[in-house]
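Enquirer: There's a structure below that I have some questions on.
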Amino acid sequence: MDLWQEGDPIADTTAPDGPVETRWDRRRFAARLVNPANRRKLTVIVVGTGLAGGSAAATLGELGYRVKSYCYQDSPRRAHSIAAQGGINAAKNYRNDGDSVHRLFYDTVKGGDFRSRESNVHRLAQVSVEIIDQCVAQGVPFAREYGGLLDTRSFGGAQVQRTFYARGQTGQQLLLGAYQALERQIAAGTVEMNSRHEMLELVVVDGRARGIVVRDLVTGEISTEFADAVVLASGGYGNVFYLSTNAKGCNVTATWRAHRKGAYFANPCYTQIHPTCIPVSGGYQSKLTLMSESLRNDGRVWVPKAKGDDRAPRDIPENERDYYLERMYPAFGNLVPRDIASRAAKNVCDSGHGVGPTGLGVYLDFADAIGRLGRNAVEARYGNLFEMYERITGEDPYRVPMRIYPAVHYTMGGLWVDYDLQSTVPGLFVIGEANFSDHGANRLGASALMQGLADGYFVLPNTIADYLAAGPFAPVDANHPEAVAARADVEDRLARLLAVDGDRTVDSFHRELGQIMWEHCGMERTDAGLRKAIGEIRALREQFWQRVRVPGDGERLNQALEKAGRVADFFELAELMCVDALHREESCGGHFRAEHQTPDGEAQRDDERFAYVAAWEYTGSDRPAVLHRENLTFEYVHPSQRSYK
Amino acid sequence: MNLTLRIWRQSGPGDKGRMVTYPVADISPDMSFLEMLDVLNERLTLAGEEPVAFDHDCREGICGACGMVINGNAHGPQRGTTACQLHMRHFTDGETIDIEPWRARAFPVVKDLVVDRNAFDRIIAAGGYVTAPTGSAPEAHATPVAKANADAAFEAAACIGCGACVAACPNGSGMLFTAAKVTQLGLLPQGQPERYTRVLGMVDAHDEAGFGGCTNAGECTAVCPKGIPLSTIGRLNRDYLRATAKRGDTPGT
Ligand SMILES: Cc1cc2nc3c(=O)[nH]c(=O)nc-3n(C[C@H](O)[C@H](O)[C@H](O)COP(=O)(O)OP(=O)(O)OC[C@H]3O[C@@H](n4cnc5c(N)ncnc54)[C@H](O)[C@@H]3O)c2cc1C
Ligand code: FES
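In order, the protein sequence lines correspond to chains A and B. Going by the UniProt record's numbering, the first sequence opens with residue 1, and the numbers climb by one from there. Going by the UniProt record's numbering, the second sequence opens with residue 1, and the numbers climb by one from there.
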């Protein structure tokens, strides 16, 4: 059987054409509006309370819609966005260093290796400016200079300082801002908050997304909730690799269930492997910890020149060290984009220069910075990260260089959306990391927070009105055949997971799946490896349904049952990721096919054949996925071989 | 290392609960405390027993989900460290470790080590924000903020809402949590218009949720993984006094 089938091309029909600078204005003007009195009659479900979902739910509530918000944590404030460290980009040009909306647009399209849409990215750059204003007004305590104005720093893939930050806790502070706005709406009665609730199915009625099936994680109760539109802001799926920098609960369930109900999944293979994470230390490891990219502002990356040199790092003299990023990429040095830094680390380790007990590590050294700026200045910038490093490894990075290695961090792929952020299921909108929209094949640092808040505060609240203007739609209730069927599917699946009663834990399967993915669909991919992985994933998935053991029952808090459902969906996603990686016979951004590289080992794109978004349609769990191509055209930023030399 | 764990097991809010002893073997000192519990849970699962329920998510000390009393200390023995960031190298081979949930009237136990902390959300909903609807913001540089104030606001804003302060307080008070937010927003120009209505609303919500009063015991700040200082409570008290004095005046000032 074929692994996939060709389908019809797909197009984004909502983005205006004409000058890119005015597209967003023109789209907003063309969009229909909903008058304030009617908004009260319209209900919107928002799944997720991260930067994207939290900001969207708060803003929709302020506008007067009735919002139902869901998250699986005990409080909306704990969404995974809370963990973002380094910063958020915005084209404010406060530094007078040549930044502009156009430059942020340009950097992002280039950083994404020419696999994103110009219209979307330009809008993102425009809106970035308003985000900072909004967050400051909410009381987000960004870092400031002595004069009282906002401080900024550099991030990878840019030569200007446009990254705003709140020490190493930028995500936390931005999320708390959105969370507080959300709580204000909860108190005002416009938002109904349902924490510890997990969405397990999408309800589609007459071709429109009209509701979700959720499980109350405390009581186990399953219910069907209805609305005029559904917004998914459920985050990324990096945990398919088991080990990643994501929070333990991050999952694909919400978007995968929607995919099975007709939403196309775009570019699933585009995964970001972050270059600076604490290396794996043992088989019990449950997650990997990111050391913010901001550290590359002042830290220098190196390995010993001699293979297998196991002297203590301080005993290795300068001339026996290879500062390989500075050597290979003099223009950007340690601040090359993530995909490039990660692959370079892999290559030096594969060639025997890696450090640490496993040989899978490189040094990130602050000795120069401490010498130049003094320990206090370094502590002010990175103190909390240094502490975190010491807590985990037991080593003091002020004295011994950090050891770092790449780890799975972010997923650029996600549900396909048009310019309005609407998926292929009418009435189903997807925002934040859950969609595929703005980062192409590689996301630049500090751009996910920007995108999440752009989508939630500014884009979706405008574009969703155009859809809702046709509502309220005919009422649906729990007895509607589609609702009954969706609920029955959920109950049946939970019952099946509990009934297997096998001899392996959920985690043991998840770990094994992760190894397959890391090996064959990680930093380097090959035709043969991907085919092998697909076979292994299928075999493991079959085993899972025969041998998994989920203790307890579904009538109360059961964390093993929650995990089992998520892992079951990861199996299906993993296969699609491999199929996508297999079909894309080129290297671009985070997708590196060993067969397609330049003589000096850089990613070799093939714009003739692959300048498109791959949007996959689900046709059944044992049927080949159908490929719909959305061609990408570049009018403003001309595709070139990315060069950071 | 080999350890003996004594863990609070409680099947649900209605159950009385009890400590249950579990030996665990071959624990690496490089494991985190939660990874050690993962090892136990895998073993319990295969033995046909129910694993121990505990909240966790980021495992990086920032989401505030994890929280348990370890040998009588909220988040365990290491200062400034959440349970997820605590590593087993701080324990010794052969040790017996007691693990219990947060215990406080305002945080009822859901199951085992999992408690209900929604009361914190209700305190925020009662005023822990700046009213700044999307789109209404002035240009960010319109109002400079003295660096010292911005830094102090950040210190207070670092609270992760884990609830250790409540668990450690002899009165089960949530005043450190409340004061951290009052302090952050009260130090910033953006927070001034609602400064006094905020403190009244939040303190009322705090009391209604069943938290105890603050008697300056200081246990909260000692266990706070983010080191939120006790001085925030002093600040809250001053604002609260001024606010109650003003209560008779024009509303909302
Ligand atoms: C360690 C780390 C550091 C980072 N640092 C940066 C940085 O410095 N700058 C930057 O720009 N980006 C950074 N990122 C990336 C960025 O944080 C994320 O991409 C972004 O926060 C995602 O936001 P989101 O709102 O889309 O999703 P999330 O914040 O992941 O929120 C997902 C929400 O969906 C809910 N949810 C998920 N599934 C379900 C379900 N089935 N049912 C109900 N609810 C569900 C969750 O409860 C949660 O509320 C970092 C990421 C990591 C892992
Ligand atoms: S799990 Fe997030 S703080 Fe411990």
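Cβ atoms here follow ideal geometry from the backbone N, Cα and C, with glycine treated the same way.
1) From what residue to what residue does the alpha helix (DSSP H) around residue 118 of chain B run?
2) Contact between the stretch 238-246 of chain B and the stretch 80-93 of chain B: three or more CB pairs below 8 Å?
3) Can you name, in chain order, every residue of its own chain whose Cβ lies under 7 Å from the Cβ of residue 671 of chain A, other than the five neighbours on each side?
4) Quick check for students: name the residue ranges of the alpha helix (DSSP H) that lie wholly in the stretch 132-168 of chain B, counting only runs of 4 or more.
5) Measure from the C-beta of residue 134 of chain B to each C-beta in chain A and report whether the shortest distance is under 7 Å.
6) Find the nearest neighbour of residue 314 of chain A within the set A:578, A:253, A:400, judged by alpha-carbon distance.
7) Within 8 Å, do at least three Cβ pairs link the stretch 405-425 of chain A to the stretch 267-287 of chain A?
8) Counting only runs of 3+ residues fully inside the stretch 398-464 of chain A, write out the beta strand (DSSP E) ranges in chain order.
9) Applying a beta-carbon distance threshold of less than 7 Å, which residues of chain B neighbour residue 73 of chain A?
10) Which residues of the stretch 382-413 of chain A have a Cβ closer than 9 Å to any Cβ of chain B? Give them in chain order.
11) Leaving out the 5 sequence neighbours to the left and right, which residues in its chain are closer than 7 Å to residue 305 of chain A when beta-carbon positions are compared?
12) In the stretch 342-361 of chain A, which residues sit with their C-beta less than 7 Å from some C-beta in chain B, listed in chain order?
13) Taking C-beta to C-beta, are residue 589 of chain A and residue 113 of chain A nearer than 7 Å?
14) Answer with yes or no whether the minimum CB distance from residue 145 of chain B to chain A is below 7 Å.
15) Between the Cα of residue 544 of chain A and the Cα atoms of A:568, A:555, A:229, which residue gives the shortest distance?
16) Alpha carbon to alpha carbon, what distance is there between residue 628 of chain A and residue 124 of chain A?
17) Using the rule of at least 16 other Cβ atoms within 10 Å of the residue's Cβ for burial, across every protein chain shown, is residue 559 of chain A buried or exposed?
18) To the nearest angstrom, how far is the alpha carbon of residue 630 of chain A from that of residue 583 of chain A?
19) Return the first residue and the last residue of the alpha helix (DSSP H) that residue 518 of chain A is part of.
20) Assuming residue 174 of chain A contacts residue 77 of chain A under a Cβ cut-off of 8 Å, what Cβ separation, rounded to an integer in Å, is found between them?
21) Can you find a heavy atom of ligand 1 that lies under 6 Å from the Cβ of residue 135 of chain B?
22) Just the Cα atoms here: how many angstroms apart are residue 344 of chain A and residue 133 of chain A?
23) Between the stretch 148-159 of chain A and chain B, which residues of the former have CB atoms less than 7 Å from a CB of the latter, in chain order?
24) Residues of chain B with a CB under 9 Å from the CB of residue 80 of chain A: which are they?
25) Going residue by residue through the stretch 132-212 of chain A, where are the continuous alpha helix (DSSP H) segments of at least 4 residues, counting only ones entirely within it?
26) What residues from chain A crowd round residue 120 of chain B, counting only those whose CB sits closer than 9 Å?
27) Just by C-beta distance, which residues in the stretch 610-630 of chain A are closer than 9 Å to chain B?
28) Just checking, does the stretch 132-150 of chain B make contact with the stretch 182-189 of chain B on the three C-beta pairs under 8 Å criterion?
29) For residue 80 of chain A, which of helix, strand or coil comes out of DSSP?
30) Is any beta-carbon of chain B found at less than 7 Å from that of residue 161 of chain A?
31) Any C-beta of chain B sitting closer than 7 Å to the C-beta of residue 242 of chain A?
32) Should residue 47 of chain A be counted as a contact of ligand 1 given a C-beta to heavy atom distance under 6 Å?
33) Along the alpha helix (DSSP H) that carries residue 328 of chain A, what are the first and last residues, could you check?
34) Spatial neighbours of residue 98 of chain A within its chain, please: CB distance less than 7 Å, with the 5 preceding and 5 following residues excluded, ordered by chain position.
35) Tell me which residues of the stretch 56-67 of chain A have at least one Cβ-Cβ distance to chain B shorter than 8 Å, keeping chain order.
36) Return helix, strand or coil for residue 255 of chain B, following the three-state DSSP convention.
Expert: Taking the structure as given:
1) 118-125
2) no
3) Beyond the ends of chain A as shown, which are 1 and 645, falls residue 671 of chain A; an answer cannot be given.
4) 147-157, 164-168
5) yes
6) A:400
7) yes
8) 402-411, 428-430
9) 57, 65
10) 384, 387, 388, 391, 392, 393, 394
11) 320, 321, 322
12) none
13) yes
14) yes
15) A:568
16) 25 Å
17) buried
18) 15 Å
19) 506-521
20) Going by Cβ atoms, the distance from residue 174 of chain A to residue 77 of chain A rounds to 12 Å, so no, they are not a contact pair.
21) no
22) 37 Å
23) 148, 149, 150
24) 57, 58, 63
25) 170-188
26) 75, 77
27) none
28) yes
29) helix
30) no
31) no
32) yes
33) 324-328
34) 160
35) 58, 59, 62
36) For residue 255 of chain B there is no data in the structure shown, the boundaries of chain B being 1 and 253.
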